[in-house]
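In mature numbering (1 follows the signal peptide of the UniProt record, and there is no 0), the protein residues as written are -22 to -1, 1 to 273.
The beta carbon of each residue, even a glycine, is placed where N, CA and C say it ideally should be.
Predicted model only: the values in this text are computed from it and were never measured.
Each remark here refers to the structure printed beneath this line.
Right under this line is the structure:
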């Protein structure tokens, strides 16, 4: 029997999911999944599971104000409410925090998101239509404040140029979010793309930018750390007469962290505890491994 295109697409996606989990796809599995979809969205000219026909067509597209056509998994609820899944195969929230801290320390760049000022405070050089809207751009990062020397070892270091959009938005009062992923590094380490990039870790850090006072971390120490990770950043070092643009050392003070370890049946997805985020020691995040890393 030829399936309607919408049902066929659902069956194919479900089959791919079973293949990703290493489970064989049987005709019975495919039939059951299609019947379940058909029961919720009967289509024109197709008989439902009780043998009757229906003239209601499945939705041609999803609208953001409508609920998505799937059931809420109790396991996902447990992750959000308790910080860990009851399944022993899924890392706990704290184990995921260790992985998240490792991802931060191994990352050299991320997307820094800030928000444009309201229309009344917007520069004449900026289109009025972007007032109060977010903008995200790639940014060099490092973790240059050391454990035992600073209370900001869990906050990423950024060389903020005064001319940059993110810096100007932050000076106008915007908070900031840094988005990181393990996607590029996995391919770099393994030499191949995974079955699904969506099954690899990503992390969102939300807080605010602040200038790093000299008494917290000497400029020379920050320079050595940052240039070690980004050789070309020597062209923008703060206070240097040859610098292409005026810059300042800043940190993203992390107030909240959201973690997606991968697919939810095997990984923790949810908010991390800010106190746990800051309490992680270097030897702890150095002891864990992200996908594709070797011991």
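Distance CB(residue i)-CB(residue j) smaller than 8 Å
i           : j           : result
residue 143 : residue 82  : no
residue 133 : residue 205 : no
residue 186 : residue 153 : yes
residue 228 : residue 104 : no
residue 178 : residue 78  : no
residue 111 : residue 148 : no
residue 270 : residue 168 : yes
residue 76  : residue 163 : no
residue 225 : residue 101 : no
residue 155 : residue 175 : no
residue 109 : residue 96  : yes
Burial state of residue i (16 or more Cβ within 10 Å)
i           : result
residue 198 : exposed
residue 69  : buried
residue 235 : buried
residue 170 : exposed
residue 245 : buried
residue 74  : buried
residue 201 : buried
residue 258 : buried
residue 173 : exposed
residue 217 : exposed
residue 158 : buried
residue 130 : buried
residue 90  : buried
residue 220 : exposed
residue 272 : exposed
Where residue i falls: helix, strand or coil (DSSP)
i           : result
residue 246 : coil
residue 182 : strand
residue 252 : helix
residue 268 : coil
residue 154 : strand
residue 102 : coil
residue 128 : strand
residue 110 : coil
Segment limits, alpha helix (DSSP H) that includes residue i
i           : result
residue 282 : Because residue 282 is not part of the residues shown, which for the chain are -22 to 273, the question remains open.
residue 261 : 260 to 265
residue 144 : 143 to 149
Cβ separation of residue i and residue j, assumed to be a contact under 8 Å, to the nearest whole Å
i           : j           : result
residue 263 : residue 80  : 4 Å
residue 71  : residue 250 : 6 Å
residue 223 : residue 140 : 7 Å
residue 207 : residue 86  : 5 Å
Range of the contiguous beta strand (DSSP E) that encloses residue i
i           : result
residue 202 : No beta strand (DSSP E) holds residue 202; the alpha helix (DSSP H) holding it covers 197 to 207.
residue 121 : It is not in any beta strand (DSSP E) - residue 121 carries neither H nor E in the DSSP assignment.
residue 76  : Looking at the DSSP string, residue 76 is not in any beta strand (DSSP E); the run it does join, the alpha helix (DSSP H), is 71 to 84.
residue 175 : Where residue 175 is concerned, there is no enclosing beta strand (DSSP E), given that its DSSP letter is neither H nor E.
residue 87  : 87 to 93
residue 225 : 225 to 238
residue 138 : 135 to 139
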